[in-house]
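Student: Just so we're aligned, residue 1 is where the sequence shown starts under the UniProt record's numbering, counting upward by one. All residues carry an ideal CB built from backbone N, CA and C; glycine is no exception.
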Amino acid sequence: MSNDTYDLEALQNGSLANLVLTKFKLTPTPSLTVFPDEIFTFGPSLTYLDLSGTGLSSLPPNFTTSLPNLKILFLSNCAFTTFPDLSSHHTLEMVAFRHNSLTSIPENTLPPKLRWLILTDNRIPSLPSSISSCPNLEKCLLAGNNLSTLPPSLTQCQNLTLLRLSANNFSSLPKFLFTAFPKLAYLSFAGNPCSLSSRKAHKLPFGLLDIPYSSLAISRVLGRGASGIISQAEWKPSPDSDFTEDVAVKMFRGSLTSDGRPEDEMEAVLLAGSHESLIGVVGKVTGYSEGEREGVKGGIVMSLVPEGYKVLGLPPDLESCTRDRFTEGERGWEMGKAVEMLTGIAGAGAHLHGRRICHGDLYAHNVLASKGDGHGLLGDFGAASVYGEEEDGVERVEVAAFGRLVGDVLGLVEEGGEGERERAMRRGLEELQRRCEDGDVEGRPDFDEVVEVLRGMLGWRGVMRIPEVPN
Numbered sequence: 001m002s003n004d005t006y007d008l009e010a011l012q013n014g015s016l017a018n019l020v021l022t023k024f025k026l027t028p029t030p031s032l033t034v035f036p037d038e039i040f041t042f043g044p045s046l047t048y049l050d051l052s053g054t055g056l057s058s059l060p061p062n063f064t065t066s067l068p069n070l071k072i073l074f075l076s077n078c079a080f081t082t083f084p085d086l087s088s089h090h091t092l093e094m095v096a097f098r099h100n101s102l103t104s105i106p107e108n109t110l111p112p113k114l115r116w117l118i119l120t121d122n123r124i125p126s127l128p129s130s131i132s133s134c135p136n137l138e139k140c141l142l143a144g145n146n147l148s149t150l151p152p153s154l155t156q157c158q159n160l161t162l163l164r165l166s167a168n169n170f171s172s173l174p175k176f177l178f179t180a181f182p183k184l185a186y187l188s189f190a191g192n193p194c195s196l197s198s199r200k201a202h203k204l205p206f207g208l209l210d211i212p213y214s215s216l217a218i219s220r221v222l223g224r225g226a227s228g229i230i231s232q233a234e235w236k237p238s239p240d241s242d243f244t245e246d247v248a249v250k251m252f253r254g255s256l257t258s259d260g261r262p263e264d265e266m267e268a269v270l271l272a273g274s275h276e277s278l279i280g281v282v283g284k285v286t287g288y289s290e291g292e293r294e295g296v297k298g299g300i301v302m303s304l305v306p307e308g309y310k311v312l313g314l315p316p317d318l319e320s321c322t323r324d325r326f327t328e329g330e331r332g333w334e335m336g337k338a339v340e341m342l343t344g345i346a347g348a349g350a351h352l353h354g355r356r357i358c359h360g361d362l363y364a365h366n367v368l369a370s371k372g373d374g375h376g377l378l379g380d381f382g383a384a385s386v387y388g389e390e391e392d393g394v395e396r397v398e399v400a401a402f403g404r405l406v407g408d409v410l411g412l413v414e415e416g417g418e419g420e421r422e423r424a425m426r427r428g429l430e431e432l433q434r435r436c437e438d439g440d441v442e443g444r445p446d447f448d449e450v451v452e453v454l455r456g457m458l459g460w461r462g463v464m465r466i467p468e469v470p471n
């Protein structure tokens, strides 16, 4: 157990009574159905409470007054059917009820300082109109519910930046999603009737192969995520040839994630096609046995990312909420190389939206980049959604995400020693960021225009990736 994780016996036998705790996590205890009053002994010092994996279905009436400074509350994988009344809790900023049995959120029950709401994988049919009383709401995870509409009062949440609506019952998305939220940048809605009907109209790109599982020799795991496992493999295209190729294989497993369903992610990756700033997809895995198929939703074979490519940033944490984080190791970009990399990512955005695919998670932590080459690869389609003409406004929502990426990359560029050309590029990127994040959503550029602006900064040599020749 970690220093902040305790079991029920230690809580109830009094051995924690004299501790001053700011953070308390209980080991999963499905048999616990009544809130343990011993937690109240931590009183004002407690700011983080995690009782996930218990049988709790309600909170005691004195919950708010006994834990007056609580900021973060996790009650995932519990037995709640009705959202508890937290409206008088004025310090709560993050609340998580993932994978309960919620069917109701009564009016006027949400905490007013709410910033991050996790309701993934429940049976919620509607949101309360009183969600408008949460003006700080920034991140709202609603995938895997029974929603078919959103309350117009949601537009009062002007700080909303990330919204997950995948695997619900939307036959169409509310039009206000594309105009009313000045900060909305990350939107997913795959697995809804509106997206599924659009997906049927799309055709898989020409040239994708069916690759038998038997032709792949898996060697090592490259990464694990909520939707599956990525491994390096040796692929033998023909059983009659000695030729082999090193590739990456992602096998999609599991069910619902906070972004959506693995099968929707796989479909979006296959529909995306080829672009120099997307990780190349070779084909779809076929022909695995029942034993190999257990829990598997499908698989794809991708090009292996070359050595030297590193993740551009770190995902948001509880404090940063919707902002990526960066270490010194990510810094040190040259301005010209940064603009080249951003041009490629913008091109990938234009390519995807040209195929009516919204990436949904256009973050630095989903870009693999090479400083030396000035090149990036956009990956992780876990939040990707296929859309139709009725959802055309989604492109300018995603342009805001690119604007935030531009700001992040500017923070990674060395300022010392910049010449006039580099200073002009910095001014140009700052102006582009402002335009991409414009609160007037319909006034933002689309990705095609963004690409043209960036190419203009580079000049023809940069676009053709020809190095400058010294005098």
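Start and end of the beta strand (DSSP E) containing L141?
Tutor: K139 to L141 is the span of the beta strand (DSSP E), which, as asked, contains L141.
Student: Considering only C-alpha positions, which residue in the set V413, R331, L271 and V95 is nearest to E430?
Tutor: Considering only alpha carbons, the answer is V413.
Student: Between which two residues does the beta strand (DSSP E) carrying G225 extend?
Tutor: Counting along the chain, the beta strand (DSSP E) containing G225 begins and ends at L216 to G225.
Student: Within its chain, find whatever has a CB closer than 7 Å to the CB of E263; leave out the 5 residues flanking it on each side and keep chain order.
Tutor: Taken in chain order, the residues that qualify are F252, K297 and G298.
Student: Can you tell me which of H275, R115, D380 and N168 puts its alpha carbon nearest to the alpha carbon of G223?
Tutor: Measuring from the Cα of G223, the nearest candidate turns out to be D380.
Student: In this structure, how does DSSP classify C134 when only helix, strand and coil are distinguished?
Tutor: Looking at C134 - three-state DSSP - the assignment turns out to be coil, as it is neither helix nor strand.
Student: In three-state terms, what does DSSP make of E245?
Tutor: Three-state result, E245: strand.
Student: Going by C-alpha distance, which of V409, L410, F402 and G419 is nearest P445?
Tutor: Comparing Cα-Cα distances from P445 to each of V409, L410, F402 and G419, the minimum goes to F402.
Student: What does the alpha-carbon distance come out to for the pair D440 and F178?
Tutor: For D440 and F178, the distance between alpha carbons rounds to 10 Å.
Student: Please identify the residue among G283, L165 and S148 whose C-alpha is closest to the C-alpha of L117.
Tutor: The shortest Cα separation from L117 among G283, L165 and S148 belongs to L165.
Student: Grab the span of the beta strand (DSSP E) containing V95 for me, first residue to last.
Tutor: Run containing V95: M94 to A96, per the beta strand (DSSP E) assignment.
Student: Jot down the residue ranges of each uninterrupted beta strand (DSSP E) in the region 26 to 80, minimum 3 residues, whole runs only, in chain order.
Tutor: With a minimum length of 3 residues, the continuous beta strand (DSSP E) runs that stay inside the region 26 to 80 are 48 to 50 and 72 to 74.
Student: State the CB to CB distance for the pair S57 and C78, rounded to an integer number of angstroms; the pair is presumed to be in contact (CB under 8 Å).
Tutor: Contact flag correct, Cβ pair sits at about 7 Å.
Student: How big is the Cα-Cα spacing for R323 and A185?
Tutor: Looking at the two C-alpha atoms, the distance is approximately 11 Å.
Student: Count the other CB atoms within 10 Å of the CB of V397; is the residue buried (16 or more) or exposed (fewer)?
Tutor: Classification for V397: buried.
Student: Kindly indicate which residue of P174, P36, L187 and I131 has the alpha-carbon position closest to the one of E390.
Tutor: Residue P174 is the option with its Cα nearest to E390.
Student: Could you please give the first and the last residue of the uninterrupted beta strand (DSSP E) stretch that includes T286?
Tutor: Here the beta strand (DSSP E) through T286 covers V281 to T286.
Student: Mark I466 as exposed unless 16 or more other C-beta atoms lie within 10 angstroms of its C-beta, in which case mark it buried.
Tutor: With a pLDDT of only 45 at I466, under 50, the local geometry of the prediction cannot be trusted, and the value read off the model is given with reservation. Classification for I466: exposed.
Student: Mapping DSSP to helix, strand and coil, what is Q232?
Tutor: Of the three classes helix, strand and coil, the one that applies to Q232 here is strand, per DSSP.
Student: Starting from V406, follow the alpha helix (DSSP H) in both directions and report where the run begins and ends.
Tutor: Its alpha helix (DSSP H) spans residues V394 to L410.
Student: Give the DSSP bridge partners of S172, in chain order.
Tutor: S172 is not bridged to any residue.
Student: If you reduce the DSSP assignment to three classes, tell me which class P212 lands in.
Tutor: If DSSP states are grouped into helix, strand and coil, P212 belongs with the strands.
Student: What's the gap between the Cα of V301 and the Cα of G360?
Tutor: Between V301 and G360, the C-alpha separation is close to 22 Å.
Student: Measuring only the C-alpha atoms, how far is R455 from L342?
Tutor: Rounded to whole angstroms, R455 to L342 spans 10 Å at the Cα level.
Student: With a floor of 3 residues, list each beta strand (DSSP E) that falls wholly inside the region 305 to 383, ordered by position along the chain.
Tutor: Listed in chain order, the complete beta strand (DSSP E) runs (minimum 3 residues) inside the region 305 to 383 are 367 to 370 and 375 to 378.
Student: So L352 and N366 are in contact, right, with Cβ under 8 Å, and what is the actual spacing, rounded?
Tutor: Not confirmed; about 13 Å, so no contact.
Student: If you count every other CB in all the chains shown that lies within 10 Å of the CB of K203, and 16 or more means buried, which is it?
Tutor: Exposed, since its Cβ has fewer than 16 Cβ neighbours within 10 Å.
Student: Name the two residues that bound the continuous alpha helix (DSSP H) containing R435.
Tutor: Residues E420 to C436.
Student: Can you tell me whether DSSP reads F189 as helix, strand or coil?
Tutor: Three-state DSSP puts F189 in coil, outside helix and strand.
Student: Does the region 226 to 235 come into contact with the region 305 to 322, if we say contact requires no fewer than three beta-carbon pairs (one atom in each stretch) closer than 8 Å?
Tutor: Verdict: no, contact absent.
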